[in-house]
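Novice: 298 is the number that numbering that gives the first Met the number 0 gives to position 299 of the sequence shown; each next residue is one higher, with no gaps. Glycine is no exception: its CB is placed at the ideal position from the N, C-alpha and C atoms. Can you read through this structure? Questions will come right after.
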Amino acid sequence: MFFSEGIRSIFASHPPLEKRIQRIQAGWVPSKSSSVAVTGGGADMAMGFTSAMTPSAEAAPATIRVENVEQVINNVGEISPHAVAYAADLLNQIPESLLGAAHDVYTSRALIFAFLLDDHDDAARAKQLEIINGYGSSEFVQLSTQYGGAIASLDRRQVLPLFEIARHALADMSQSQGIKFLNTINELVKADRHISMFEWVLYRLTKRTLDISTNAQRSLKAAKATIASQHVPASKLLSVLCHAGHDDPVEAEKAFEDARTQTGWHWLSLLSREESTAMTLNGTIEPLAMLRPADKQMLINAAVCCALSDGEITISEGELLRATAELLGCPMPPLD
0 MFFSEGIRSI FASHPPLEKR IQRIQAGWVP SKSSSVAVTG GGADMAMGFT SAMTPSAEAA
60 PATIRVENVE QVINNVGEIS PHAVAYAADL LNQIPESLLG AAHDVYTSRA LIFAFLLDDH
120 DDAARAKQLE IINGYGSSEF VQLSTQYGGA IASLDRRQVL PLFEIARHAL ADMSQSQGIK
180 FLNTINELVK ADRHISMFEW VLYRLTKRTL DISTNAQRSL KAAKATIASQ HVPASKLLSV
240 LCHAGHDDPV EAEKAFEDAR TQTGWHWLSL LSREESTAMT LNGTIEPLAM LRPADKQMLI
300 NAAVCCALSD GEITISEGEL LRATAELLGC PMPPLD
């Protein structure tokens, strides 16, 4: 079944997650490795995927090799024991101080602020700290700075899982608190006058969590739009995914053509690299989320084709792909 009713992020239930896995997979032992690193990649940097987090000295592979693209497509909307185990291993290597902060509705806000702190532009960072101080108190500034230092040592693969836990803790906020928090995130993102893909993902997923908590997702039940009527936002989304994973315009074009062939949607149009930015994604998700189920499934298939046309995917490209699937109401397990 493509849509799994009541499915939530597999990262939202730690520490009980380990017990769940042990029930599913007898003999499973969580990894206790404390060595972590941040992954990168040329395409990530060029497309603005990097946040303020500084890579650690010991880097993990920049890309993940995916042998079976069809299996990735089939896993959308489903959570396998393997995916749960992989998620638990990632979480098990994250410091308890960060995990504890992620689970609390108060400290999770400071943690999310920490993801956005700029470590490369002193002026932008100073402005961000002023914004955080204005949000609540100097304690938020202290906590955000503290968490930011710890986040900098994480493996890049652990960043989205940690954020996933933190954003689900926000569901306990009132509507007015949620609006104030989102406005603050928006200010932090704009502090350096540049919106990266990571910042876009963080903002949109946070907004989705708060929207769900106020029942704003009800409109999705009326999803009846056809993909033909939404060809412009579909082309924008797939163009961003193609350019995000391919520095070479020829390779990006090939990835887009693969998606066009896979779907039979020959009216799709590839945007240039300059047109395929985080800002391009604004206004694309809402109409695409209203697609009828069959067309939405095809769109996700096309997105996977764009990202995996060369059989490889960067960590950050995978984050964008998973975030897109989540925003469309079709959660995707992490790739490993």
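Apart from the five residues on each side of it in sequence, which residues of its chain come closer than 7 angstroms, Cβ to Cβ, to A122?
Specialist: There are no such residues.
Novice: Can you tell me whether I93 is helix, strand or coil according to DSSP?
Specialist: Note: I93 maps to coil in three-state DSSP.
Novice: Quick check on N281: buried or exposed, where buried means 16 or more other Cβ atoms within 10 Å of its Cβ?
Specialist: Taking all protein chains in view, the Cβ of N281 is surrounded by fewer than 16 other Cβ atoms within 10 Å, so the residue is classified as exposed.
Novice: In three-state terms, what does DSSP make of I284?
Specialist: helix
Novice: Here's the rule: buried if 16 or more other CB atoms are within 10 angstroms of the residue's CB, otherwise exposed. What is M278?
Specialist: exposed
Novice: So what does DSSP say about E311, is it helix, strand or coil?
Specialist: Here DSSP, grouped into helix, strand and coil, assigns E311 to strand.
Novice: Using DSSP with H/G/I as helix, E/B as strand and the rest coil, what is L290?
Specialist: strand
Novice: Can you give me the start and stop residues for the alpha helix (DSSP H) that I184 sits inside?
Specialist: 174 to 189
Novice: Along the alpha helix (DSSP H) that carries V75, what are the first and last residues, could you check?
Specialist: First-last for V75: undefined, no H or E at that position.
Novice: Can you tell which of L290, W264, T144 has its C-alpha closest to the C-alpha of A125?
Specialist: T144
Novice: Check A222 in the structure and name its three-state DSSP category.
Specialist: coil
Novice: Short of 7 angstroms in beta carbon distance, which residues of its chain neighbour L116, apart from the five on each side in sequence? Order them along the chain.
Specialist: A51, R124, Q127, S143, G147
Novice: Pick out the complete alpha helix (DSSP H) segments inside the region 81 to 134, 4 residues or longer, and give them in chain order.
Specialist: 95 to 102, 106 to 115, 121 to 134
Novice: Is it buried or exposed, E316, if we count other Cβ atoms within 10 angstroms and call 16 or more buried?
Specialist: The residue in question, E316, is buried, as its Cβ has 16 or more Cβ neighbours within 10 Å.
Novice: Cβ of A82 within 8 angstroms of Cβ of P333?
Specialist: yes
Novice: Which value, in whole angstroms, describes the spacing of the CA atoms of V249 and L269?
Specialist: 12 angstroms
Novice: Excluding the 5 residues preceding and the 5 following K223 in the sequence, name in chain order all residues of the same chain whose CB lies nearer than 7 angstroms to its CB.
Specialist: Closer than 7 angstroms at Cβ, skipping near neighbours: R291.
Novice: How far does the alpha helix (DSSP H) with G263 in it extend, from its first residue to its last?
Specialist: No alpha helix (DSSP H) holds G263; DSSP gives it neither H nor E.
Novice: In the structure shown, what three-state DSSP assignment does H193 receive?
Specialist: coil
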